[in-house]
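Residue numbers (the numbering used here): 944 to 1314.
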């Protein structure tokens, strides 16, 4: 039986259309898939920002408490570095009993010299000049407010620096250093590996990281990473990753987020590694990563509104930092703190005080939900 030319033409056209439709459907599925990936990347970026802000806030709060410690002030006034070292070690030993992350602190004189460091067994480095390495301290020549940012020192970490004053006399500074342990642990709980990567151009500065593993032109700064995923990163084309911000490699999604220091200089990257199966789970179940990371759209809205609102409540950054310490001030400094707090609060109207109370409740509610 011979098929007519028209029938053959019809079959060719039909199967041609089917092929085109299959290609289009495949392309649409691929586009939807990458839309999901982009959404996940946005959630990871937002969650990282929130976690880093929490670490910065913790470091700053700790530094503010220490800067108000009467024994540290007395040791600086009397230029008794041994006494300062004893006080610092006592505080840090107490801290270690209650938290599991690595926290380091040091006291610096107003002349930019080491006064005491918590990670030394003896106060051997007292008097060592830091002016060559600590250009960031120039900030305090024109500012009294503390500062906190990601900085490169002998290690990469979050550094909070708080000036210590006796009335109007600058006595020195408190440095509090953290090393991304909380953020790393947070994402690890959800099966997501975070790698904090320092650009290798800082190799000579970050002397305590020179034996750390590397990937491409980066030094791995944090601990607790997955060695298998590190091997994946070492085989990754970072030029392509930096350009596209996300790659699928070895059945894992790799997300890239640039990292900047306190001067807005690019110093490295935050990289997430997430199994492809985890993303497929979100697609198949209809879940969003925001649920996994305990965020909802309402939470995110509240966080943004809180950031916008709280900056309008306080008269200055100093007032905000001071009043945030009320639950962390040691008993021996309580009376001094309350006197200072009363002076600050007396400058606020009744409406502003009510706004502060509302802001505090919102902050506690959000923090509780995120945990």
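All C-beta atoms, glycine included, are put in the ideal place defined by N, C-alpha and C.
Do the CB positions of residue i and residue j come within less than 8 Å of each other?
i	j	result
residue 1058	residue 1080	no
residue 1193	residue 1213	no
residue 1123	residue 1159	no
residue 1196	residue 980	yes
residue 1099	residue 1164	yes
residue 983	residue 1222	yes
residue 1084	residue 1091	no
residue 1027	residue 1050	yes
residue 1061	residue 1032	yes
residue 1018	residue 1035	no
Take the Cβ of residue i as the centre, count every other Cβ of all protein chains shown within 10 Å, and call the residue buried at 16 or more, exposed below.
i	result
residue 1089	buried
residue 1207	exposed
residue 1126	buried
residue 972	Because the pLDDT at residue 972 is just 46, under 50, the model does not fix this residue reliably, and the point stays unresolved.
residue 1146	exposed
residue 1030	buried
residue 1111	exposed
residue 1161	buried
residue 985	exposed
residue 1095	buried
residue 1067	exposed
residue 990	buried
residue 1171	exposed
residue 1015	buried
residue 1011	buried
residue 1285	exposed
residue 1138	buried
residue 1072	exposed
Using three-state DSSP, classify residue i as helix, strand or coil.
i	result
residue 1237	At residue 1237 the pLDDT is 49, less than 50, meaning the model places this residue with poor confidence and gives no usable figure here.
residue 1139	strand
residue 1001	helix
residue 1014	helix
residue 1246	Bear in mind that a pLDDT of 47 at residue 1246, under 50, signals an unreliable position, so the number given afterwards is only what the model happens to contain. Looking at residue 1246 - three-state DSSP - the assignment turns out to be helix.
residue 1034	helix
residue 1132	coil
residue 1175	helix
residue 1084	helix
residue 1185	helix
residue 1090	strand
residue 1125	helix
residue 1078	helix
residue 982	helix
residue 1064	coil
Hey, could you find the ends of the beta strand (DSSP E) residue i is sitting in?
i	result
residue 1104	1099-1109
residue 1118	1112-1121
residue 1203	1195-1203
residue 1059	1057-1060
residue 1217	1209-1218
residue 1161	1161-1163
residue 1047	1046-1052
residue 1042	Here residue 1042 belongs to no beta strand (DSSP E), and DSSP marks it neither H nor E.
In terms of residues, what are the limits of the alpha helix (DSSP H) holding residue i?
i	result
residue 1192	Looking at the DSSP string, residue 1192 is not in any alpha helix (DSSP H); the run it does join, the beta strand (DSSP E), is 1189-1192.
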